[in-house]
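Per the working numbering, the very first residue in the sequence shown carries number 2; after that it's consecutive.
Glycine residues also receive a C-beta, built at the ideal position from the N, C-alpha and C atoms.
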Amino acid sequence: GSTRWRQPAPRSAAMRSKFSATIVFMLLMKTASFIKVREAAPAGPEPPITKDLSTTSIVAARLQLKQFSKDGQLFGLFLPTPWQPMDRESSKHPVLVFLHGRGESGAFAVTNAQSLPWLLAGNNASFAQNCPFIVIAPQCPSECAMQNHWLSATLRGVAELVHNWIVPHLGGDATRVSLAGQSMGGHGAWIFAAQQPRFFAAVVVVCGYAQGESEEKMIAQRLVRSGTAVGVYHSADDSVIPVSASDQMVRALETAGDKSARVPLHYERYEHAPGPPISEYEHLLGHGSYELAFRSPQLYNWLLRQVCHRCGRPLAPWHNLPQPELGF
2 GSTRWRQPAP RSAAMRSKFS ATIVFMLLMK TASFIKVREA APAGPEPPIT
52 KDLSTTSIVA ARLQLKQFSK DGQLFGLFLP TPWQPMDRES SKHPVLVFLH
102 GRGESGAFAV TNAQSLPWLL AGNNASFAQN CPFIVIAPQC PSECAMQNHW
152 LSATLRGVAE LVHNWIVPHL GGDATRVSLA GQSMGGHGAW IFAAQQPRFF
202 AAVVVVCGYA QGESEEKMIA QRLVRSGTAV GVYHSADDSV IPVSASDQMV
252 RALETAGDKS ARVPLHYERY EHAPGPPISE YEHLLGHGSY ELAFRSPQLY
302 NWLLRQVCHR CGRPLAPWHN LPQPELGF
């Protein structure tokens with residue numbers, strides 16, 4: 002595929018050294034972890050969900066995605082190799098929030114059978130051992146599938162979960178919180194990043210979309226104004242969401258604001274992608290670009306370079322987007 006880059010301004014030597022060890026981790030991952038596209042298979046059973054948030058329970062999420070419930074929000078949690086319960090005050094870890102697609106709403110089995118959650122759920126030890134992020138994968142309720150978008154109430158709950166628990170209690174770095182979403186979760190990532198100011202250092206959208214030209218323009222203006230770095234991934238042969246949805250969003254970002262205000266932008270436009278690796282959905286050819294994107298060391302190294310110095314303050318007020326002009 003083709004790639005378009007707009008690099009961020011060079012960082013200081015001190016900042017570069019801050020991330021060098023983590024970046025080396027990613028480069029040492031086994032290549033096979035990223036280039037192998039696995040055979041489709043049925044989704045597994047629904048995993049157990051625990052409300053116990055004691056240290057003993059949380060430690061189980063170290064190196065393997067586990068499911069929890071807090072204040073009514075269900076989510077998967079992954080803790081990286083360096084994470085230690087006694088060091089969370091002095092050692093800060095980058096955070097990655099992952100939003101699933103429509104077919105995964107209301108349950109974890111399909112979420113954990115593909116993409117980034119599959120890599121972290123005990124299926125790829127090399128990837129899990131080298132992943133430097135605290136990963137949180139919230140569940141959108143079944144209503145999300147019926148409405149075909151992430152609910153604002155759910156997204157606001159996720160922001161509060163990260164701000165009030167992941168950062169202060171699990172050692173998340175508030176200046177290095179990134180957001181990623183695929184398909185319906187890609188739309189969710191666009192609107193989440195646009196409506197929650199001063200929160201995300203970067204947003205990654207895989208086979209996603211915006212709902213109409215007005216929403217594209219509003220999202221682009223807000224992300225440029227906030228300086229949020231943007232990564233976009235899509236395949237030209239996507240049979241579910243046309244690649245033009247990402248083309249248009251990238252053009253909106255490229256033309257929003259003046260040249261001095263534009264954000265770091267990475268667009269990976271694949272020529273071909275597989276269908277989802279789940280038997281029920283494997284016929285949706287080209288839509289599984291997330292099976293390529295989330296196996297790319299380049300994606301994670303790029304995320305690790307993004308820092309939001311305006312983040313980490315009290316949670317900014319939610320800034321609603323207008324009702325979209327059309328559904329997707």
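In the DSSP assignment, Ala-41 falls outside any alpha helix (DSSP H), carrying neither H nor E. Val-233 and Leu-66 have their C-alpha atoms some 25 Å from each other. Non-local C-beta neighbours of His-273 in its own chain, meaning closer than 8 Å and more than five positions away in sequence, comprise Ser-236, Ala-237, Asp-238, Gly-287, ordered along the chain.
Just measuring C-alpha positions, the residue of Arg-270, Met-250, Ala-138, Ser-116 sitting nearest Glu-292 is Ser-116.
About 6 Å separates the beta carbon of Ser-179 from that of Phe-201, a gap short enough to meet the 8 Å contact definition. Under the Cβ criterion (8 Å, minimum of three pairs), the region 242 to 257 counts as touching the region 265 to 280.
Assignment of beta-bridge partners to Lys-71 by DSSP yields Gln-74.
Here the alpha carbons of Thr-82 and Val-225 stand approximately 34 Å from one another. Under the three-state reduction of DSSP output, Val-264 falls in the coil class, being neither helix nor strand. Around Phe-295, the same chain offers Ser-116, Leu-117, Leu-120 as residues with beta carbons nearer than 7 Å, after the five sequence neighbours per side are excluded. Under the 10 Å beta carbon count, His-150 is surrounded by 16 or more other beta carbons and is classified as buried. Annotation: the continuous alpha helix (DSSP H) that includes Ala-126 extends over 126 to 131. For Glu-144, the closest C-alpha among the options Val-111, Gly-104, Arg-63 is that of Gly-104.
Buried is the label assigned to Asn-131, since at least 16 other Cβ atoms lie within 10 Å of its Cβ. A residue is called buried once 16 or more other Cβ atoms fall within 10 Å of its Cβ, and Pro-133 is buried on that count. Counting C-beta atoms within 10 angstroms of its own C-beta, Glu-281 has fewer than 16 neighbours from the protein chains shown and is therefore classed as exposed. Taking the Cα positions, Ser-92 is about 20 Å away from Tyr-301. Partner residues in the beta bridge of Val-204, as assigned by DSSP, are Leu-180, Val-231. Looking from the CA of Leu-100, the closest CA among Pro-318, Val-244, Val-205 belongs to Val-205. Rounded to the nearest whole angstrom, the CA to CA distance from Ala-138 to Pro-243 is 25 Å. Closest in C-alpha terms to Trp-303, from the list Ala-203, Ala-154, His-310, Lys-71, comes Ala-203. In the structure shown, His-310 adopts coil according to DSSP, grouped into three states.
Counting along the chain, the unbroken beta strand (DSSP E) around His-94 starts and ends at 94 to 100.
Judged by beta-carbon spacing, His-320 lies within the 7 Å limit of Pro-198, meaning their Cβ atoms are closer than that value.
If you look at Ala-138, you'll find it in the beta strand (DSSP E) that goes 135 to 139. It is roughly 44 Å from the alpha-carbon of Glu-255 to the alpha-carbon of Lys-52. Of all alpha-carbon atoms in Asn-165, Gly-289, Leu-97, the one lying nearest the alpha-carbon of Lys-71 is that of Asn-165. Secondary structure of Ile-242 (DSSP, three-state): coil.
Spatial neighbours of Ala-129 in its own chain (CB-CB distance under 6 Å, excluding positions within 5 residues in sequence) are listed in chain order as Leu-64, Leu-121. Contact between Ile-59 and His-94 fails: their C-beta atoms lie close to 13 Å from each other, not under 8 Å.
Beta-bridge pairing by DSSP links Gly-173 to His-94. Straight-line spacing of the CA atoms in Gln-324 and Cys-208 works out to 22 Å.
About 7 Å separates the Cβ atoms of Gly-189 and Leu-156, confirming a contact at the 8 Å cut-off.
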